[in-house]
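Read through the structure below, which is laid out as structure tokens, and then see the notes.
Protein chains: 6
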Amino acid sequence: MYLGDEAWPDLETYFDSESLALVPLGSTEQHGPHLPEATDHLIAEAFAREVADRTGYLCTPTVNIGVSGHHRQFHGTMWVEPPAFRSYMESLTRNLTAHGIDRVIYVNAHGGNVPHLREVGARLRQDEVAYAIEWMWDESIPDLVDELFEQNGPHGGPKETSMIQFLEPTLVHDDRLQDARDEGVPSVDDAETVKHGSRTFYDAADNTDNGVLGDQTDASAQKGRDLFEAASDQLVALCEWLDAQPFEDLLPRDHV
Amino acid sequence: MYLGDEAWPDLETYFDSESLALVPLGSTEQHGPHLPEATDHLIAEAFAREVADRTGYLCTPTVNIGVSGHHRQFHGTMWVEPPAFRSYMESLTRNLTAHGIDRVIYVNAHGGNVPHLREVGARLRQDEVAYAIEWMWDESIPDLVDELFEQNGPHGGPKETSMIQFLEPTLVHDDRLQDARDEGVPSVDDAETVKHGSRTFYDAADNTDNGVLGDQTDASAQKGRDLFEAASDQLVALCEWLDAQPFEDLLPRDHV
Amino acid sequence: MYLGDEAWPDLETYFDSESLALVPLGSTEQHGPHLPEATDHLIAEAFAREVADRTGYLCTPTVNIGVSGHHRQFHGTMWVEPPAFRSYMESLTRNLTAHGIDRVIYVNAHGGNVPHLREVGARLRQDEVAYAIEWMWDESIPDLVDELFEQNGPHGGPKETSMIQFLEPTLVHDDRLQDARDEGVPSVDDAETVKHGSRTFYDAADNTDNGVLGDQTDASAQKGRDLFEAASDQLVALCEWLDAQPFEDLLPRDHV
Amino acid sequence: MYLGDEAWPDLETYFDSESLALVPLGSTEQHGPHLPEATDHLIAEAFAREVADRTGYLCTPTVNIGVSGHHRQFHGTMWVEPPAFRSYMESLTRNLTAHGIDRVIYVNAHGGNVPHLREVGARLRQDEVAYAIEWMWDESIPDLVDELFEQNGPHGGPKETSMIQFLEPTLVHDDRLQDARDEGVPSVDDAETVKHGSRTFYDAADNTDNGVLGDQTDASAQKGRDLFEAASDQLVALCEWLDAQPFEDLLPRDHV
Amino acid sequence: MYLGDEAWPDLETYFDSESLALVPLGSTEQHGPHLPEATDHLIAEAFAREVADRTGYLCTPTVNIGVSGHHRQFHGTMWVEPPAFRSYMESLTRNLTAHGIDRVIYVNAHGGNVPHLREVGARLRQDEVAYAIEWMWDESIPDLVDELFEQNGPHGGPKETSMIQFLEPTLVHDDRLQDARDEGVPSVDDAETVKHGSRTFYDAADNTDNGVLGDQTDASAQKGRDLFEAASDQLVALCEWLDAQPFEDLLPRDHV
Amino acid sequence: MYLGDEAWPDLETYFDSESLALVPLGSTEQHGPHLPEATDHLIAEAFAREVADRTGYLCTPTVNIGVSGHHRQFHGTMWVEPPAFRSYMESLTRNLTAHGIDRVIYVNAHGGNVPHLREVGARLRQDEVAYAIEWMWDESIPDLVDELFEQNGPHGGPKETSMIQFLEPTLVHDDRLQDARDEGVPSVDDAETVKHGSRTFYDAADNTDNGVLGDQTDASAQKGRDLFEAASDQLVALCEWLDAQPFEDLLPRDHV
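Which chain is which? The protein sequence lines are Z, E, H, L, C and A, in order.
For the first sequence, our numbering gives the first residue as 448, with consecutive numbering after it.
For the second sequence, our numbering gives the first residue as 448, with consecutive numbering after it.
For the third sequence, our numbering gives the first residue as 448, with consecutive numbering after it.
For the fourth sequence, our numbering gives the first residue as 448, with consecutive numbering after it.
For the fifth sequence, our numbering gives the first residue as 448, with consecutive numbering after it.
For the sixth sequence, our numbering gives the first residue as 448, with consecutive numbering after it.
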């Protein structure tokens with residue numbers, strides 16, 4: 448069920464019987480010469496909508512702009528500073544509870560949002576307002592990701608490329624995949640992003656000239672479909688697990 | 448040009464030659480028994496995309512959730528508190544300037560966002576970071592709105608109903624228009640929302656039982672089309688005016 | 448009853464039997480070549496004191512400096528930024544409840560404070576701490592204002608001029624009224640403050656060279672007296688209405 | 448010169464030639480059974496106005512409500528929390544610099560404001576925005592205070608009583624002076640406010656049942672006049688000293 | 448008992464039977480040419496550990512860096528801004544209550560922290576979260592301090608010098624004591640730090656060229672020992688007094 | 448060179464010739480039944496002091512209390528909320544630059560601090576105030592850690608146990624190592640901390656009953672020594688690398 452499409456009286460039944468919401472969120476940021484800036488929020492929205500359709504759980508509209516300051520050197524990257532992002536997400540989530548929601552899955556497709564969603568989620572749980580957790584599609588199917596790609600790259604690599612080739616094929620510049628690889632950082636290990644144990648970089652531009660890592664030529668729409676289906680299954684399972692928990696069991700444990 | 452669809456190298460020409468961005472934003476909130484909760488952000492996005500297509504100016508992804516706490520009593524309304532909204536919008540706008548944007552039109556379709564966008568815009572201008580102004584479609588064509596509707600209502604009335612009938616007809620419950628009117632507040636003047644000069648209400652629910660005001664039966668998709676075209680013309684004209692100003696002329700005037 | 452004049456034991460009876468307070472607040476900002484910078488807070492204080500005298504409700508000392516950054520280009524304008532103003536007013540109001548106050552009328556004479564007082568009032572009500580509403584004298588008597596003046600002007604016009612001529616005649620430069628009109632913006636409609644539906648100005652100086660709008664030559668102390676009496680009656684009526692409400696009825700309505 | 452009385456064009460000469468402002472501020476809080484709640488801000492305003500009249504320096508309107516949470520147990524005390532007070536005062540002072548003010552004397556008559564004004568002043572100076580210092584009348588004439596009173600008391604004692612007897616005699620309950628003394632804490636030393644080196648109290652009510660300390664029967668209007676004149680002389684001298692300093696000399700010293 | 452040395456199961460008995468914690472905190476800041484920058488936190492830690500050893504009360508690890516911006520001109524001074532310090536201390540103290548602590552003594556050896564600890568303590572008490580008070584060793588034994596030194600100086604004087612000579616003799620440059628005195632401000636009264644009642648300085652460097660005041664040649668390790676023992680006795684007594692109070696008696700008094 | 452031990456004149460040479468500081472920081476939190484709560488800050492301080500001794504770079508006093516809310520269920524854990532921690536660390540670091548420091552290594556031994564130090568570091572770099580990076584000893588020698596331990600555990604495991612056995616042997620309860628393992632979570636993989644790709648835990652107590660993971664019986668002081676020496680070498684190398692960079696090279700790269 449997609450909240451944005453519904454008139455308010457038609458949501459009453461849902462809130463009477465369910466208390467789970469899927470909140471898709473991603474980023475609007477450079478994804479190399481071959482992928483659209485919308486990549487992350489398109490992926491997040493696709494998963495959240497798909498799983499809402501399959502399960503009947505409520506999906507909200509998407510938060511399109513997140514914490515992407517580390518891509519600021521590339522044209523078009525949009526972002527908000529971390530405190531603004533956390534405040535926005537915390538407020539949005541707290542207010543969802545006005546309707547009876549007490550458990551939220553942030554269907555997130557942008558790594559830069561993760562620590563902030565974790566911080567917000569910890570606070571909401573500690574306050575016993577809601578139990579909100581963050582889910583990244585690729586972390587739900589690590590074995591399949593490893594199996595499909597030699598060098599998947601953490602950003603703009605074949606993993607995300609395959610996904611957009613499947614979801615929004617017209618937005619991929621297939622003719623630039625080779626350049627994406629050759630002018631970027633095909634192998635993350637070679638990037639030497641860590642010096643003596645310290646991450647000495649802060650921005651993507653510190654590591655890669657074209658904004659991406661991994662071997663994009665290894666991508667395909669079929670792989671994207673496989674990934675999408677496998678990860679959707681995981682998200683369905685997560686929804687079912689979450690729905691089955693008594694709220695008390697989701698709250699912090701007592702002091703020893 | 449829609450930022451979300453583009454890969455970063457393809458935005459370089461735009462940023463080299465232009466410095467204007469259209470940022471659509473609305474709300475996700477109850478719009479009565481007949482309209483979808485997405486109403487405001489659908490309208491905002493439609494205008495911003497249309498005008499971006501017609502003029503070539505850059506349109507960003509949409510901010511879907513705004514300041515709607517005054518609709519909290521109705522199922523599904525989503526919102527963030529004003530300080531969170533202002534921080535998010537100010538941060539987002541400041542960061543757009545990293546690419547050379549120095550003038551922004553908030554294509555806004557939700558009245559509750561207005562004072563906050565004005566506050567953010569005033570700060571950005573005072574800091575000489577950017578000149579950002581807020582635009583509401585209905586305020587750009589007040590005469591046409593008055594001409595088309597007897598009782599247009601400030602929220603969920605025939606004005607917004609017509610617009611969604613035109614833009615997203617499948618999302619309107621046409622069979623509920625009469626109920627929307629009869630169980631709401633057909634005439635705003637009758638609502639007695641002000642007592643002895645003081646607005647004694649804070650929430651929509653203080654004034655209306657079903658969340659809407661105005662006579663929804665007066666709406667039609669054709670009226671929606673007329674409104675959309677007339678207001679789009681206004682937004683095009685605003686873009687052209689704004690683009691033509693030297694940046695210095697947009698900054699605060701000197702002390703007398 | 449004026450709080451500032453009383454010793455604490457003499458307030459006990461009031462707090463035992465009443466729970467309403469009048470908080471006057473205005474601004475210290477330019478009001479053209481003819482009016483004093485204190486204009487707004489003088490007016491606010493005069494209304495609050497008058498009505499407190501007539502009704503016996505409690506009037507607090509005045510908040511003299513508000514949100515007037517949009518008058519910054521003119522000598523002597525004092526202001527605080529909106530977040531500071533909101534925090535100050537919210538804290539002041541919350542703390543009044545320590546003595547049993549649960550309903551507050553902000554007797555406000557400065558338009559620039561309005562959205563901020565509304566934001567504070569909404570928060571206090573939502574938290575069920577207090578019900579605080581904002582009142583502007585001229586909005587309580589719109590018909591009389593329209594009847595008395597052709598061009599009343601939103602700032603430093605004949606409306607405010609008449610009021611100060613009545614309240615503090617020695618502070619008005621009667622010999623400058625014609626200049627005030629001729630070097631300012633006599634007719635607001637002519638000022639073209641809105642372009643294609645967007646308010647493209649942020650500061651008073653964007654619209655008017657001498658800081659004022661309206662036809663000041665239309666002012667008189669007698670008109671000021673009429674306005675003062677008529678609006679005082681309205682404020683008395685508002686106090687009585689407010690006092691008569693059970694506190695529960697002033698709180699937010701339940702979720703549908 | 449009193450800013451509130453002036454029209455903006457009449458302030459131009461001052462700002463062209465001077466850069467000092469006197470900002471009176473006090474509190475609205477209980478001052479025992481005999482003194483009005485306005486005591487502190489009346490005193491502050493009287494000094495600032497007097498010295499502005501004598502010297503020609505600019506005096507602004509008064510900030511009437513300050514940091515008085517430690518008097519919360521007594522009817523009528525108004526206060527804002529320290530962060531709100533600091534933000535308000537810092538914003539107000541920063542904005543005064545728009546007109547050329549670069550040195551400010553906070554003519555303060557409430558001890559509870561002191562650390563906060565010091566914090567604000569330190570920040571403004573460090574930022575090289577303005578040099579703002581805090582002045583308390585009684586700290587400018589410690590010898591005279593000691594000479595006139597055996598037990599002056601830090602709050603609501605004969606020192607403040609004398610001052611209000613002189614400035615606003617109708618607001619003093621002379622018939623309650625003996626009770627004020629006998630039901631309060633005549634001798635501060637006896638109050639045992641410190642235990643083993645630690646101030647174990649936070650509120651006035653922790654130390655005194657009627658809110659005051661000192662021997663109020665020792666007060667007189669004549670003593671008030673003497674204090675007022677002596678301290679006014681000190682404030683005049685401070686203004687002159689401050690005016691004579693080059694701004695650079697008021698800024699922080701360089702790193703060694 | 449020192450919290451840092453214990454494994455969590457070994458703290459259970461303490462928290463079951465006691466609710467008091469000693470939190471040492473000082474500063475890292477210049478203390479003249481003869482004393483180490485750690486002076487204040489070394490002293491605070493020594494007192495807190497000593498008294499914890501003697502009484503069995505819990506001592507936490509030390510907060511080493513406080514509010515010392517007024518020493519910024521001297522090499523090596525470390526500090527945080529007041530809002531950061533207050534947030535850190537308030538959060539730290541609130542969280543201690545998770546284990547049952549409801550009364551805290553800030554064993555503080557830096558005057559610059561005092562108003563901030565008072566502000567935090569007032570808030571915690573008002574919220575009925577904890578009763579936290581601040582203790583300075585020298586304020587617990589004013590007579591002994593006066594007896595031992597002619598000119599003890601508020602910063603880096605013989606009082607602190609003696610203490611470090613006793614606690615950490617190898618960190619004192621005994622050969623620089625005479626220079627410390629002669630190039631600093633031997634007599635505080637001579638420093639003219641106040642002009643006409645106003646403290647016109649903000650930084651130590653405004654008053655003293657080498658950062659210190661007082662006559663350091665008057666210091667000795669034996670005096671340090673005497674001071675340490677006398678003040679430790681006071682802190683023991685304070686702990687015992689505090690432990691003996693019912694928690695209700697430590698909370699704010701009721702409104703009159 | 449240890450800042451805390453020095454008098455300010457003795458730091459002048461360092462600041463004249465060097466611009467690097469080592470800031471040790473850890474946590475005070477439960478580390479199982481066998482390790483002291485000080486574990487993390489003891490380790491951090493040991494590394495920072497050792498490397499400062501070996502290289503001559505400046506080491507500051509330690510920040511002992513960090514972000515450890517996820518250990519709140521266990522007696523004695525101290526923590527500050529993330530916003531307070533970030534403000535404290537950002538302020539502390541900004542202020543270090545007053546003396547010429549422009550590069551900082553946070554010698555951090557607590558994983559919970561990492562995202563917050565990264566956020567602070569990114570902001571400081573973006574503002575071109577300082578280049579501050581975070582270093583964790585175990586991340587500098589991943590191969591050695593893997594080689595020495597089968598199940599090192601992320602918290603309170605044999606890695607940290609060995610380190611304290613080497614650094615502070617009297618603080619380790621060697622007789623509890625077997626219990627630590629058997630009542631905790633010997634193998635992290637078995638802990639099922641992630642469900643369908645989502646980390647569904649927030650607190651350590653969600654995963655482990657005694658607060659620790661890994662096989663503590665695999666620890667030894669000799670392994671601790673080996674780890675300490677190897678990681679110290681890495682930190683020395685990091686200092687040397689960092690010192691060798693021109694400051695411009697440490698700043699953000701230009702926009703493409």
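Glycine residues also receive a C-beta, built at the ideal position from the N, C-alpha and C atoms.
Within-9 Å CB hit, I647 of chain A to chain Z: As written in the sequence, residue 647 of chain A is Thr, which differs from the Ile given in the question. Yes, contact with chain Z.
Own chain, CB closer than 8 Å to V592 of chain C, minus 5 neighbours either side, in chain order: Cβ neighbours of V592 of chain C beyond the five flanking positions: D585, N599, K606 and L674.
The stretch 609-628 of chain E touching the stretch 667-682 of chain E, judged by at least three CB pairs closer than 8 Å: yes
Cα-Cα separation between G503 of chain C and E497 of chain C, rounded to whole angstroms: 10 Å
Backbone CA spacing between E484 of chain H and T475 of chain H [nearest angstrom]: 5 Å
Proximity test, Cβ basis, 9 Å: T664 of chain C and chain A: Taking Cβ atoms only, chain A never reaches closer than 9 Å to T664 of chain C, which makes this a no.
Endpoints, the alpha helix (DSSP H) within which N421 of chain C is located: With chain C covering 448 to 703 only, the question about residue 421 of chain C has no answer from this structure.
Collapsed DSSP secondary structure at A468 of chain L in the structure displayed: strand
Nearest neighbour of T540 of chain L, chosen from H:I552, H:H478, H:V527 and H:A491 [CA to CA]: Of H:I552, H:H478, H:V527 and H:A491, the residue nearest in Cα terms is H:V527.
One or two residues paired with E581 of chain E in a DSSP bridge: Beta-bridge pairing links E581 of chain E to E:Y553.
Alpha helix (DSSP H) segments (min. 4 residues) lying fully within the stretch 478-537 of chain H: Counting only runs of 4 or more, we get 486-502.
Close Cβ partners of G516 of chain H (< 6 Å) along its chain, the five nearest in sequence each way excluded: If we look at G516 of chain H and ignore the five residues flanking it on each side, its Cβ neighbours are W526.
Three-state secondary structure (DSSP) of T475 of chain A: strand
Nonlocal neighbours in the same chain, by C-beta distance under 7 Å from D549 of chain L, ignoring five residues either side: S466, A577, Y578 and F694
E453 of chain C at chain L interface by Cβ criterion, 9 Å: no
For G568 of chain Z and H522 of chain A, the rounded distance between their alpha carbons: 23 Å
Nearest to P589 of chain H (by Cα), restricted to the options H:Q681, H:L472 and H:D457: H:Q681
Backbone CA spacing between G473 of chain Z and H488 of chain Z [nearest angstrom]: 4 Å
C-beta neighbour in chain L for P468 of chain C, strict 9 Å: One point to set straight first is that residue 468 of chain C is Ala, not Pro, in the sequence displayed. No - not a single Cβ of chain L is within 9 Å of the one on A468 of chain C.
Buried versus exposed, by CB contacts within 10 Å (16 or more), W688 of chain Z: By the neighbour-count criterion, in which 16 or more other beta carbons inside 10 Å mark a residue as buried, W688 of chain Z falls on the exposed side.
For S634 of chain H, three-class secondary structure by DSSP: coil
Beta-carbon proximity check, H518 of chain C vs A651 of chain C, cutoff 9 Å: yes
Residue-level contact to chain E via CB, P616 of chain Z, 9 Å cutoff: no
Best match in H:R623, H:Q663, H:E459 and H:R501 for proximity to D457 of chain L [C-alpha to C-alpha]: H:R623
Of the listed residues Z:N657, Z:C506 and Z:R572, nearest to Y461 of chain Z (C-alpha basis): Z:C506
As assigned by DSSP and simplified to three states, the class of L539 of chain A: helix
Rounded straight-line distance, which links the Cα of M536 of chain A to that of I490 of chain E: 44 Å
Chain C contact residues for H488 of chain A, given Cβ-Cβ distances below 8 Å: G451 and P508
Between the CA atoms of V561 of chain H and V470 of chain H - distance to the nearest angstrom: 14 Å
Interface flag, N511 of chain Z vs chain E, CB-CB below 9 Å: yes
Min CB distance R519 of chain H to chain L below 9 Å: yes
Opening and closing residue of the alpha helix (DSSP H) in which Q669 of chain A lies: A668 to A691
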